[in-house]
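Q: Have a look at the structure that comes next, please.
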Amino acid sequence: MDIPFTVAERPDTGLNNGKIGIWLFLASEVMLFGALFASYLMMRIGATVWPRGDSILNVPLATINTVVLITSSVTMVMAWASLKRNDFGKFRLFQGLTILAGFVFLTIKYFEYSAKFHHGLLPSKNTFLAIYFTLTGLHGLHVIGGMVVNGYLWGPGAKLWKTDPEHFTNRVENSGLFWHFVDLVWIFLFPVLYLL
Amino acid sequence: MGDHNDHADIDRQVRTYILVFVTLMALTIITVTISRFHLPVPAAVTVALIVASIKGGLVASYFMHLISERKLIYWVLGFTITCFFAVLLLPLWTHFDPIHN
């Protein structure tokens, strides 16, 4: 028996099940990061001294990472648009570039973390570093998660394109929504942690 | 004919995506440049959050297609954003309402 409403819209919601599912998941993610942002706020306003992010963190590297993630958001939406144009070859190209951008982001993050550890700047050092590693670490895990799903859709999962192209396009749109959310979180993390 | 219209519509969307991409890059440069002026903390926070909100709004509206989404999604997100701000305001509320002994 087939799973219903993977392509067709449910009469009551006006959406296919995948779409409403991913938005409900993203709503829970907003609250997860919201709780951590609230923790940051509480620690910052309660602290007698709080360092400026750019006095400890590497702003040029973080700026490059911002550019990388924004670029990956465009390649992600272009991958979806390619499927809408029935151009599977272009989808493969743009989806591949999105995954590559994820690798570049994580590699830069690795160098950033390594430099901090090398200088003894560990999460246990102070409250600022504790919240910095918590927020960026959780965000990094989300990047890895998004890459796994995007990688699956680029590779073995792409078989669905031959049998049910609309369903496959919806899956790419939903994984794209998650990837854009990861970009969205970084857009706020960057100024809050690095520039203020 | 319908297929042709669909493709034309996607082409139009792609042009919008590229425009949004350029705007996001420009706003990133603006964010970093403003941070170099070392404004007082309240002003710096305000400017940084306004620019970040514009960037976030562009990503959500165009890349996540929220600009043309179904009403149910708006309801879900409206409820979530209300809860999100409630969570953010709680620490502020407690900070500005201390217990005096």
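Just so you know, the sequences run in chain order A and B. The numbers in our numbering rise by one with no breaks, and the one at position 58 of the first sequence is 58. The numbers in our numbering rise by one with no breaks, and the one at position 87 of the second sequence is 1087. The beta-carbon is built from N, C-alpha and C at its ideal position, and this holds for glycine as well.
Give me, in chain order, the residues of the same chain whose beta-carbon lies closer than 6 Å to that of residue 97 of chain A; leave out the 5 immediate sequence neighbours on both sides.
A: 75
Q: Does the beta-carbon distance from residue 1058 of chain B to residue 1087 of chain B come in below 9 Å?
A: no
Q: For the structure I just gave you, are there three or more beta carbon pairs, one from the stretch 153-165 of chain A and one from the stretch 106-119 of chain A, closer than 8 Å?
A: no
Q: Where do the N-terminal and C-terminal ends of the alpha helix (DSSP H) with residue 1060 of chain B fall, by residue?
A: Counting along the chain, residue 1060 of chain B falls outside any alpha helix (DSSP H), and DSSP gives it neither H nor E.
Q: Just to confirm the assignment, what range does the alpha helix (DSSP H) spanning residue 16 of chain A have?
A: First-last for residue 16 of chain A: undefined, no H or E at that position.
Q: Alpha carbon to alpha carbon, how far is residue 1031 of chain B from residue 191 of chain A?
A: 8 Å
Q: Can you tell which of B:1011, B:1035, B:1048 has the C-alpha that lies nearest to the C-alpha of residue 54 of chain A?
A: B:1035
Q: Quick one: what does DSSP say residue 87 of chain A is sitting in, helix, strand or coil?
A: coil
Q: So, are the CB atoms of residue 234 of chain A and residue 61 of chain A less than 9 Å apart?
A: Past the boundaries of the shown model lies residue 234 of chain A; chain A is included only from 1 to 196, so the question cannot be answered.
Q: Taking Cβ-Cβ distances shorter than 7 Å, what residues in chain B pair up with residue 188 of chain A?
A: When 7 Å is used as the limit between beta carbons, residue 188 of chain A is near these residues of chain B: 1052, 1056, in chain order.
Q: Run the CB neighbour count on residue 1012 of chain B, radius 10 Å, all protein chains shown included, and call it buried at 16 or more, exposed below.
A: When all chains shown are included, residue 1012 of chain B counts as exposed.
Q: Using the beta-carbon count (16 or more within 10 Å), is residue 128 of chain A buried or exposed?
A: buried
Q: Look at the alpha carbon of residue 10 of chain A and the alpha carbon of residue 16 of chain A, and state the distance between them as a whole number of angstroms.
A: In a straight line, the C-alpha of residue 10 of chain A is about 6 Å away from that of residue 16 of chain A.
Q: Name the chain A residues that come within less than 9 Å of residue 1028 of chain B, Cβ to Cβ?
A: 63, 66, 67, 70, 187, 190
Q: Would residue 85 of chain A pass as an interface residue toward chain B - the criterion being a Cβ-Cβ separation below 9 Å?
A: Taking Cβ atoms only, chain B reaches closer than 9 Å to residue 85 of chain A, which makes this a yes.
Q: Mapping the DSSP letters down to three states, classify residue 50 of chain A as helix, strand or coil.
A: coil
Q: Can you give me the C-alpha to C-alpha distance between residue 151 of chain A and residue 100 of chain A, rounded to a whole angstrom?
A: 10 Å
Q: Need the endpoints of the alpha helix (DSSP H) that residue 1038 of chain B sits in, please.
A: Careful: residue 1038 of chain B lies outside any alpha helix (DSSP H) and carries neither H nor E.
Q: Buried or exposed, going by whether 16 or more other CB atoms sit within 10 Å of the CB of residue 142 of chain A?
A: A residue is called buried once 16 or more other Cβ atoms fall within 10 Å of its Cβ, and residue 142 of chain A is buried on that count.
Q: With a cut-off of 8 Å, do at least 3 Cβ pairs link the stretch 36-51 of chain A to the stretch 120-138 of chain A?
A: yes
Q: Do residue 1076 of chain B and residue 35 of chain A come within 9 Å of each other at the CB atom, strictly closer than that value?
A: no
Q: Please go through the same chain and pick out, in chain order, the residues whose beta-carbon is closer than 7 Å to the beta-carbon of residue 1085 of chain B, but skip the five residues on each side of it.
A: none
Q: Which class does residue 12 of chain A belong to by DSSP, given the choice of helix, strand or coil?
A: coil
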